[in-house]
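Trainee: Mind looking over this structure? Questions follow.
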Amino acid sequence: MSVATERQDPGPAAAGVRRSGEPPGPRRPAPGTPGRGRLTGAAPYLLLLPALVATVLLLGWPLVKDGLLSFQNLNMRQLIQHLTEWNGVDNYRETLTSEDFWRVTLRSVIFTAVNVVLIMLLGTLIGLLLARLGSKMRLLLSVGLVLAWAMPPIAGTTVFQWLFAARFGVVNWVLDALGWHAMAHYNWTGGQFSTFFIITLLIVWQSIPFVAINLYAATTTIPGELYEAAALDGAGTWKSFTSVTFPFLKPFLLATTFLEVIWVFKAFTQVFAINEGGPDRLTETLPVYAFIEGVGNQHYGMGAAISLLTIAVLLALTSYYLRIVLRQEEDEL
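Under my numbering, the sequence shown has 569 at position 302, and the numbering climbs by one with no breaks.
Here you go:
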């Protein structure tokens, strides 16, 4: 016997020859060999490249231009003469030392908080209602929610202006018919709180469908066996909700609240279209305040600085919720 180890023949399988009895078709590559069609290391980044380029062009570049504009003294004279006058941080200093800015900021935070609480509360209740209704009533309610959600903001704002019109509005007519004769010609946009009431009603009406439909979709992922086990343990409706439904919906509620804070805080169309921030600029939120100071008063550099400060305030408001959402994802992993 030779002491040298004899090299073994790899056989027909390794050579690519089909074994007897093996079904026809392309052979699977041996383990450890790179297969055709597998993504290389750079392929995922190449697939993401179009989205990244679009994001940079549509969001990044305007943000950079806005940042450059915020350090300039740009009024109508400079705009017509194509002059670039840098004034450093004067726009930020003037804005941050203005009482109007902090008053509008506080108003915007309170306005956002009230709207988000109402949206999440009513949207959650309607979403749970969808889960309990029969198929026909669920379809009918879902169609109504989708129609309200699909209506453009300007169209919805116009409808609410007609509803709350002082002379020929449906709301005043109904209140007068019910016995509140003093409301027959009430001017809803003549006061701060009544104007905010209309705006809040409009924004909540347009936002509820998003929360309700998505929450109903989330409830369909909850296994029915958990409700059966809770019922066997003697859990009632409330106990079943707190022990089964709410834990499953908690990640959705956190993420949706985060999105609603962003959407409500930056709402411009509804606030401006109802009364252009009036009366006496008492219903201006930060987006409307930036527009009026920048475009309305032709202080474009000032408006750019206010818009960037608005983004900073929004990031500060959402940072807490963002940490909660990220911590929730880490716990799930």
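For glycine and all other residues, C-beta sits at the position ideal for the given N, C-alpha and C.
All figures in this text were calculated on a predicted structure; none of them were measured in a lab.
1) Tell me whether Gly447 sits in a helix, a strand or coil according to DSSP, three-state version.
2) Out of Leu314, Trp429 and Val371, which one is the CA nearest neighbour of Gln459?
3) Starting from Glu551, trace the alpha helix (DSSP H) in both directions and tell me its first and last residue.
4) Cβ atoms of Ser474 and Ile386: under 8 Å apart, would you say?
5) With Phe477 as the anchor, note down where its alpha helix (DSSP H) starts and where it stops.
6) Mapping the DSSP letters down to three states, classify Gln345 as helix, strand or coil.
7) In the DSSP output, which residue or residues are listed as bridge partners for Tyr429?
8) Going by DSSP, name the residue or residues bridged to Trp353.
9) If you draw a straight line from the C-alpha of Tyr483 to the C-alpha of Leu396, how long is it?
10) If Ile466 sits next to Val580, beta carbons under 8 Å apart, how far is it from one beta carbon to the other, in whole angstroms?
11) Is the distance from the Cβ of Gly563 to the Cβ of Ala571 below 8 Å?
12) Return yes when the Cβ of Gly568 is within less than 8 Å of the Cβ of Leu315, no when it is not.
13) Since Gly394 is in the alpha helix (DSSP H), which residue starts that stretch and which ends it?
14) Would you tell me roughly how many angstroms separate the C-alpha atoms of Val356 and Asn342, rounded to the nearest one?
15) Quick one: give me the first and last residue of the alpha helix (DSSP H) that Thr524 is part of.
16) Would you call the stretch 522-542 and the stretch 418-432 touching, i.e. three or more CB-CB distances under 8 Å?
17) DSSP state of Glu502, grouped into three classes?
18) Output the distance between the C-alpha atoms of Lys506 and Pro476, rounded to the nearest integer angstrom.
Mentor: According to the structure shown:
1) Looking at the sequence provided, one finds Trp at residue 447 rather than Gly. DSSP places Trp447 in coil when its eight states are reduced to three.
2) Cα-wise, what sits closest to Gln459 is Val371.
3) Note, Glu551: premise wrong, no alpha helix (DSSP H); not H, not E.
4) Here Ile386 is near Ser474, since their CB atoms are less than 8 Å apart.
5) Its alpha helix (DSSP H) spans residues Gln459 to Thr486.
6) Collapsing the DSSP output to three states places Gln345 in a helix.
7) Note that residue 429 is Trp in the sequence shown here, rather than Tyr. Note: Trp429 is not bridge-paired with any residue in the DSSP secondary-structure output.
8) Note: Trp353 sits in a beta bridge opposite Gln339.
9) The alpha-carbon atoms of Tyr483 and Leu396 are separated by roughly 8 Å.
10) About 19 Å; that fails the 8 Å criterion.
11) Cβ distance not < 8 Å, so Gly563 and Ala571 don't count as in contact.
12) For Leu315 and Gly568, no; Cβs fall outside 8 Å.
13) Under the DSSP assignment, Gly394 falls in the alpha helix (DSSP H) whose first and last residues are Glu366 to Arg399.
14) Their Cα atoms are separated by approximately 16 Å.
15) Phe513 to Phe532 is the extent of the alpha helix (DSSP H) around Thr524.
16) Flag = yes, the stretch 522-542 and the stretch 418-432 touch.
17) The question names Glu, yet the displayed sequence has Ala at residue 502. Correct three-state label for Ala502: coil.
18) Note on geometry: alpha-carbon atoms of Lys506 and Pro476 lie some 26 Å from one another.
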